[in-house]
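Numbering (this note's numbering), first residue to last: 9 to 377.
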């Protein structure tokens, strides 16, 4: 009797499972047919109408104030016990026309080391730990960002720490040598990787902008690793780290409190190149050339036969990148370009190991693939 009941239960379970699979297959076939027949210019049938956000729905207002020395201060208050403050500087590899390429790469590695008030990196990290904070520095082709997050009540020490890192770094020989070693390791690692994304981004910018402005390398070229020294770094800082080229932006703090802290640490206190008698190169004017898209072709051939992953040889791969001219971030079509970029695979729309949500869009299945 027990054997009969068990067999009957197995049969019922198989029938239910088979019916579910058939219904799911029919539903998937219907959706696939519907998405295939519906042009991309029309929404899918039987789908709810999307509700788009608008500026009227924004509950937070961004306040901006320009201080007496030209420094701009922006803030947006937000409920919570933590705050994030960043110093965004109009500086980056595109401004290294009159300098050895790679200065921004060095400054990124030298960030939050010894300053006038802090003896070394550990002193800075210990100060941040008192306020439950973290810090970071990231560079791009046209900006350098120093940022810190901490408890909202610790705004003044956070601004003090940021002003020290930006305006009063020591840039000791030991720190510069350590940065050299880090950069050399990164460059060697990039050369030996199977994936060549970083190198391809360098080459595509070089081709698009004819090796100037935005086409200058973001990564320090190997031949410049030992050319960049304290004198060159301080000269660059003096000419580019000026108040009129900076924005201090904060989230989760009162605007008046941020202005008061910036006035105290960014206006009333001088940068290290004005406080001490440093050896600098003659004033080099800031290059304000407009980036000009030219287009072009860059090819690099490599012999990877001597590189292997243990007993497995490096696979012979060809990497190809195609770039098209887009619009400025101030262009009215900028948002549309961002949406198109996401639809075509940018950002997190293609998630490896996850649901792969971007892999089943109509654009991907009917156009890109």
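Here a beta-carbon is modelled for each residue, glycine too, at the ideal position from N, C-alpha and C.
Could you check the C-alpha separation between residue i and residue j for me, to the nearest Å?
| i | j | result |
| --- | --- | --- |
| residue 139 | residue 130 | 15 Å |
| residue 200 | residue 113 | 20 Å |
| residue 69 | residue 273 | 25 Å |
| residue 148 | residue 49 | 36 Å |
| residue 27 | residue 60 | In this prediction, residue 27 scores a pLDDT of 48, lower than 50, which makes its location untrustworthy; the coordinate-derived value is nonetheless stated afterwards. One C-alpha to the other measures close to 38 Å. |
| residue 145 | residue 286 | 24 Å |
| residue 371 | residue 203 | 26 Å |
| residue 322 | residue 314 | 8 Å |
| residue 338 | residue 346 | 13 Å |
| residue 169 | residue 158 | 12 Å |
| residue 135 | residue 165 | 8 Å |
| residue 51 | residue 256 | 42 Å |
| residue 268 | residue 198 | 44 Å |
| residue 244 | residue 205 | 29 Å |
| residue 352 | residue 209 | 18 Å |
| residue 344 | residue 334 | 11 Å |
On the three-state DSSP scale, how would you describe residue i?
| i | result |
| --- | --- |
| residue 32 | Here residue 32 scores only 45 on pLDDT, less than 50, and its place in the model is too uncertain to base an answer on. |
| residue 165 | helix |
| residue 83 | strand |
| residue 296 | coil |
| residue 244 | helix |
| residue 144 | strand |
| residue 101 | helix |
| residue 151 | coil |
| residue 119 | coil |
| residue 171 | helix |
| residue 320 | strand |
| residue 124 | coil |
| residue 159 | strand |
Can you tell me which of the options puts its alpha carbon nearest to the alpha carbon of residue i?
| i | options | result |
| --- | --- | --- |
| residue 234 | 294, 188 and 147 | 188 |
| residue 108 | 90, 239, 160 and 276 | 239 |
| residue 251 | 95, 290 and 186 | 95 |
| residue 124 | 179, 75 and 338 | 179 |
| residue 191 | 228, 87, 209 and 160 | 228 |
| residue 310 | 327, 300, 232 and 218 | 327 |
| residue 332 | 324, 325, 349 and 320 | 349 |
| residue 236 | 56, 115 and 223 | 115 |
Does residue i come within less than 8 Å of chain B when only Cβ atoms are used?
| i | result |
| --- | --- |
| residue 193 | In the structure shown, chain B does not exist; there is a single protein chain. |
Tell me whether residue i, by its Cβ, gets closer than 7 Å to a heavy atom of the ligand GTP.
| i | result |
| --- | --- |
| residue 187 | What this structure holds is no ligand at all, so the ligand GTP is not there to describe. |
Within the chosen definition, does the region 72-83 reach the region 151-164 through at least 3 CB pairs nearer than 8 Å? no
Would the region 274-290 count as touching the region 164-182 if we require 3 or more Cβ pairs under 8 Å? yes
Please confirm if the region 205-225 is in contact with the region 292-306, defined as three or more CB-CB distances below 8 Å between the two stretches. yes
Sequence ranges, alpha helix (DSSP H) only - wholly within the region 188-271, length at least 4: 205-216, 238-248 and 263-270
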